[in-house]
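Trainee: Just so you know, the protein sequences line up as chains A and B, in that order.
Counting the first sequence from 1 gives a position; the working numbering is that position plus 681.
Counting the second sequence from 1 gives a position; the working numbering is that position plus 73.
Built from N, CA and C at the ideal position, the CB exists for glycine as well.
Here you go, one structure.
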Amino acid sequence: MLTKSTAGNLLRAYCDAFRRRAGDEIENLFAEDAVLDLPLLDGRIVGKKAIAAEIKTAIRGLKNIKVVLENTIETDTEAFAEGIFCADHIGIHPLVDGTPIRLDFRFVVTVKISEGKIVRWAEYFDTKPLKPRERTHLYPISRRSAYWEGTAKAGVSEFMVYNHTYLPLVYHHSPAEEYAALTERVTLWDVGGERQTQIRGPDAIRFAQLLTTRDLSKLKVGDCKYTLVCDPQGKILCDPVLLSPWENVVWLSHGDVDLTLWARGVAVNSGLQVEIDEPDVQPVQVQGPKSLDMLRNLVESRLDSLGFYKCVVTKVAGIDAVVSRTGWSGGLGFEIFPLSSEHAMPLWNALIEAGGPYGLMVTGPNVFRAVEKGVTDTAYYSNSGMNPYEAGHGRLVDLEKGEFVGREALRKVAAEGAKRKTVGLFIDGELPNLEWYWPLKDSKGNAGEVRWAVHSFELDRNIGIAIGDASLELGDVVQISHQGGTTQATVTKVPFVD
Amino acid sequence: MTIHAQLNAFRDAFNRRDSTAALMLFAEHAVFEMPLLGQRLFGKREIAIGLQRIFEVTESAQIQLSGAKESQNLIIAEGRLQAKLHRDAHAVDIPLAVVLETQQNDIMRLSTYLDARPYRLWTDGTLFASVHAFN
Chain A
682 MLTKSTAGNL LRAYCDAFRR RAGDEIENLF AEDAVLDLPL LDGRIVGKKA
732 IAAEIKTAIR GLKNIKVVLE NTIETDTEAF AEGIFCADHI GIHPLVDGTP
782 IRLDFRFVVT VKISEGKIVR WAEYFDTKPL KPRERTHLYP ISRRSAYWEG
832 TAKAGVSEFM VYNHTYLPLV YHHSPAEEYA ALTERVTLWD VGGERQTQIR
882 GPDAIRFAQL LTTRDLSKLK VGDCKYTLVC DPQGKILCDP VLLSPWENVV
932 WLSHGDVDLT LWARGVAVNS GLQVEIDEPD VQPVQVQGPK SLDMLRNLVE
982 SRLDSLGFYK CVVTKVAGID AVVSRTGWSG GLGFEIFPLS SEHAMPLWNA
1032 LIEAGGPYGL MVTGPNVFRA VEKGVTDTAY YSNSGMNPYE AGHGRLVDLE
1082 KGEFVGREAL RKVAAEGAKR KTVGLFIDGE LPNLEWYWPL KDSKGNAGEV
1132 RWAVHSFELD RNIGIAIGDA SLELGDVVQI SHQGGTTQAT VTKVPFVD
Chain B
74 MTIHAQLNAF RDAFNRRDST AALMLFAEHA VFEMPLLGQR LFGKREIAIG
124 LQRIFEVTES AQIQLSGAKE SQNLIIAEGR LQAKLHRDAH AVDIPLAVVL
174 ETQQNDIMRL STYLDARPYR LWTDGTLFAS VHAFN
């Protein structure tokens, strides 16, 4: 029997569909030109398509949803109700003491319909208890990024210390909202903590050859390369993006390791004419499918013709900068390196303004997407004693290019075969926060470590990347121990998504 | 008095900053919920302090109601709260909903729903620090 499309019935249908995470059903309840007012959103959402996108994003980030309507007063065309919403977040870990971070609140909703469809949906509730209450305290011993003012305004609440610099990770949006912004629109990341080790001088490329594992003999100005820096034992120190912005200048844009100190030490007895320093260059990343559209008119050079892993010295919003088509999202995106932190905030403000029409969201680097795409970084290798072959990066080692730090050790590994390998995991059960690497044991009793673990929003399941015994095969089942107990996982390939 | 009239009477007293008139509308053991105050207020004594607190920290505070639906003992209304704090240069304008329940012509519950996140820093202190001043 068909239910009459009164405001009250559509209100109840919406709540029921939301509880079942049935986004398509909700979409069909709205009129084409409907409006949605919701305190959690940054502004009014207009149009059925945009409303559906927001609601589907919200649903993707929630589970165990309950909606209780307590007091409903309705006519055929309008319904006002008071109720309670409860849900578990996906992708937000409990507090250290185990307190879950939930999305529970009381609300009032008002619904107006016309011709059997919702034309206005407005909710009223207090978001303060639902958001991070305040940002992490900072201490002057670590550096603030040059974009500090912008990230504070954007609602940063949590940082990691990266290259002795506070790197913003958590803002006030949910992981699902940030993931949607990255995969459907465009995001701006303050990665001022991503430092450049600058090698300058007539022997700059020769020295970079000595320091890194890939062959740079064909490197041209404007090229970038993803490469590795190893210690003499062949263990990975970091996996920088190498940029060649000018003649006789190489930047190693690196993860959380004192690479400049290391490079200075290696340079001392190298006999090569180079100067090593860390310039006052603090990048941002603009990542997402709309990044090119957003930047096209802001960057003086023609970005459309800038190839993958290429860079150009140009102006961005009139500010001198290097722009590279690189980034940590595994998709379309750019890194912008202003040539002085003095111009960092003007650059940031110009990017915020330019990104408005494209739905730009300020976020931290998105680890959910990075793991899905198999984009690991220095954090994956750190404190692991991992060599490139174990990391799945054997292709980044050119043993025949000439001398480089770690070559002899890596030659031995290559000849004997790596004892460990990097694998993907589908992990069962709830995921606690990965505050240290989780021990893993395979069916033969070999040990390993889970080094990344997140919820995959694309696959709607928990995934991880681990290092284990070289004998691990696709489909093997392994045991994992974490602070929530013991669970099992199935070995799969990396990346998890194309 | 109808429930709609009760709601309008509260709104008018609030907008006049007349805490005495507003308080007279409440039952002795009523509940008043206002996110800007950070908590639920029980009974006339706490409600009086809460209202006083609002009027102390604001230079102006006006509730405007734009639509309401009512049953016999309950009314739900939507509108806006415009308020200017003494410390701020500009007024804020916040979407607001109000749920009011009555019993024998007295307000038993008045719940206000608004997003206080950007505006609540000024009540992060102890609300009842000055309770003795009212005894």
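#1: So is residue 808 (chain A) in contact with chain B if we call contact Cβ pairs under 7 Å?
#2: Which runs of the beta strand (DSSP E) spanning at least 3 residues fall entirely within the region 895-929 of chain A, listed in chain order?
#3: Less than 6 Å between C-beta atoms, sequence neighbours within five positions excluded: which residues of the same chain meet that for residue 828 (chain A)?
#4: Who are the neighbours of residue 190 (chain B) on chain A, taking C-beta pairs under 9 Å?
#5: Can you list, in chain order, the residues of the region 146-166 of chain B whose Cβ is nearer than 7 Å to any Cβ on chain A?
#6: Could you check if residue 928 (chain A) is buried or exposed, using at least 16 other CB atoms within 10 Å of its CB as the buried criterion?
#7: By the 10 Å Cβ neighbour count, where 16 or more other Cβ atoms means buried, how is residue 1047 (chain A) classified, buried or exposed?
#8: Does the contact criterion of 3 or more C-beta pairs under 8 Å hold for the region 710-723 of chain A versus the region 797-807 of chain A?
#9: Using only the alpha-carbon positions, how far apart do residue 194 (chain B) and residue 769 (chain A) sit?
#10: So if I threshold CB-CB distances at 8 Å, which residues from the region 113-139 of chain B count as touching chain A?
#11: Using DSSP's beta-bridge definition, name the partner residues of residue 956 (chain A).
#12: Closer than 8 Å, Cβ to Cβ, to anything on chain B: give me those residues from the region 760-791 of chain A, in chain order.
#13: Could I get the ranges of all uninterrupted alpha helix (DSSP H) runs contained in the region 972-1041 of chain A, with 4 residues as the minimum, in chain order?
#14: Mind listing which residues of the region 734-757 of chain A have their C-beta closer than 8 Å to chain B's C-betas, in chain order?
#15: Comparing alpha-carbon positions, which option in A:945, A:1007 and A:892 lies nearest residue 903 (chain A)?
#16: Taking contact to mean 3 or more Cβ pairs, one atom from each stretch, closer than 8 Å, check whether the region 98-115 of chain B and the region 145-153 of chain B are in contact.
#17: Say whether the region 1108-1116 of chain A touches the region 1167-1176 of chain A, bearing in mind that this needs 3 or more beta-carbon pairs closer than 8 Å, one atom from each stretch.
#18: If you draw a straight line from the alpha carbon of residue 1064 (chain A) to that of residue 1101 (chain A), how long is it in whole angstroms?
#19: Could you check what DSSP says for residue 208 (chain B) in three-state terms: helix, strand or coil?
#20: Could you check whether the Cβ of residue 194 (chain B) sits closer than 7 Å to any Cβ belonging to chain A?
#21: Rounded to a whole number of angstroms, what is the C-alpha to C-alpha distance between residue 889 (chain A) and residue 1104 (chain A)?
#22: May I ask you to list the residues that DSSP assigns as paired with residue 767 (chain A)?
#23: Taking the alpha helix (DSSP H) that residue 830 (chain A) falls in, what are its first and last residues?
#24: Anything in chain A within Cβ reach of residue 172 (chain B), meaning under 8 Å, just list it in chain order.
#25: If you reduce the DSSP assignment to three classes, tell me which class residue 1153 (chain A) lands in.
#26: Per the contact definition of three or more C-beta pairs closer than 8 Å, is the region 943-958 of chain A in contact with the region 829-849 of chain A?
#27: Would you kindly check if the distance between the Cβ of residue 1139 (chain A) and the Cβ of residue 1023 (chain A) is under 7 Å?
#28: At 3 residues or longer, and completely inside the region 760-806 of chain A: list those beta strand (DSSP E) runs for me, N to C.
#29: Closer than 7 Å, Cβ to Cβ, to anything on chain B: give me those residues from the region 827-844 of chain A, in chain order.
#30: Could you tell me if residue 950 (chain A) is buried or exposed, where buried requires 16 or more neighbouring beta carbons within 10 angstroms of its beta carbon?
#31: Closest to residue 1072 (chain A) by CA distance: which of A:738, A:878, A:867 and A:917 is it?
#32: With DSSP as the reference, label residue 1164 (chain A) as helix, strand or coil.
#33: Count the other CB atoms, across all protein chains shown, that sit within 10 Å of the CB of residue 707 (chain A); report buried if there are 16 or more and exposed otherwise.
#34: Pairs of beta-carbons, one from the region 1158-1165 of chain A and one from the region 1111-1127 of chain A, closer than 8 Å: are there three or more?
#35: Mind reading off the beta-carbon distance from residue 786 (chain A) to residue 811 (chain A)? Whole number of angstroms is fine, and I expect it under 8 Å.
#36: Tell me whether residue 1062 (chain A) is buried or exposed, calling it buried when 16 or more other Cβ atoms sit within 10 Å of its Cβ.
Mentor: Result, derived from the coordinates:
#1: Closer than 7 Å: yes.
#2: Taking only runs of at least 3 residues, the beta strand (DSSP E) segments lying wholly in the region 895-929 of chain A are 905-907, 917-919 and 922-927.
#3: Correct list, in chain order: 871, 873, 1025 and 1029.
#4: What residue 190 (chain B) touches in chain A, judged by beta-carbon distance under 9 Å, is 720, 807, 808, 809, 810, 811, 812 and 853, going in chain order.
#5: Hits within the stretch, in order: 147, 149 and 151.
#6: Residue 928 (chain A) comes out exposed.
#7: Buried, by the Cβ-count rule.
#8: Enough Cβ pairs lie closer than 8 Å, so yes.
#9: Note on residue 194 (chain B): pLDDT 43, under 50, position unreliable in the model; no value is reported.
#10: Answer set for the region 113-139 of chain B: empty.
#11: Per DSSP, A:881.
#12: Close to chain B, meaning a Cβ-Cβ distance shorter than 8 Å, are the following residues of the region 760-791 of chain A: 760, 761, 762, 763, 787, 788, 789 and 791.
#13: Correct list: 972-977 and 1025-1036.
#14: Look at the region 734-757 of chain A: the residues with a C-beta under 8 Å from a C-beta of chain B are 752, 754, 755 and 756.
#15: Cα-wise, what sits closest to residue 903 (chain A) is A:1007.
#16: Because the criterion of three Cβ pairs below 8 Å is not met, the region 98-115 of chain B and the region 145-153 of chain B do not touch.
#17: Touching, yes, given that three or more Cβ pairs across the two stretches are closer than 8 Å.
#18: For residue 1064 (chain A) and residue 1101 (chain A), the distance between alpha carbons rounds to 15 Å.
#19: Unreliable positioning characterises residue 208 (chain B) in this predicted model, as indicated by a pLDDT of 37, which lies under 50. The coordinate reading is nonetheless provided below. The answer is coil: DSSP assigns residue 208 (chain B) none of H, G, I, E or B.
#20: The pLDDT assigned to residue 194 (chain B) is 43, lower than 50, so where the model puts this residue is not dependable; a value taken from the coordinates is nonetheless given after this. Not a single CB atom of chain A sits nearer than 7 Å to the CB of residue 194 (chain B).
#21: Straight-line Cα distance between these residues: approximately 30 Å.
#22: According to DSSP, which records beta bridges pairwise, residue 767 (chain A) is partnered with A:747.
#23: Unbroken alpha helix (DSSP H) run through residue 830 (chain A): 829-834.
#24: By Cβ distance, chain A contributes 752, 763 and 789.
#25: Coil.
#26: With the cut-off at 8 Å, the region 829-849 of chain A and the region 943-958 of chain A do not touch.
#27: For residue 1023 (chain A) and residue 1139 (chain A), no; Cβs fall outside 7 Å.
#28: Listed in chain order, the complete beta strand (DSSP E) runs (minimum 3 residues) inside the region 760-806 of chain A are 786-795 and 798-805.
#29: For the region 827-844 of chain A, which is checked against every Cβ of chain B, not one residue is closer than 7 Å.
#30: Result: exposed.
#31: Checking every option, the nearest Cα to that of residue 1072 (chain A) belongs to A:917.
#32: The answer is coil: DSSP assigns residue 1164 (chain A) none of H, G, I, E or B.
#33: Of the residues assessed, residue 707 (chain A) falls on the buried side of the cut-off, its CB having 16 or more other CB atoms within 10 angstroms.
#34: Result yes; three or more Cβ-Cβ pairs closer than 8 Å.
#35: Confirmed, about 6 Å.
#36: Burial of residue 1062 (chain A) is indicated by the presence of at least 16 other C-beta atoms within 10 angstroms of its C-beta.
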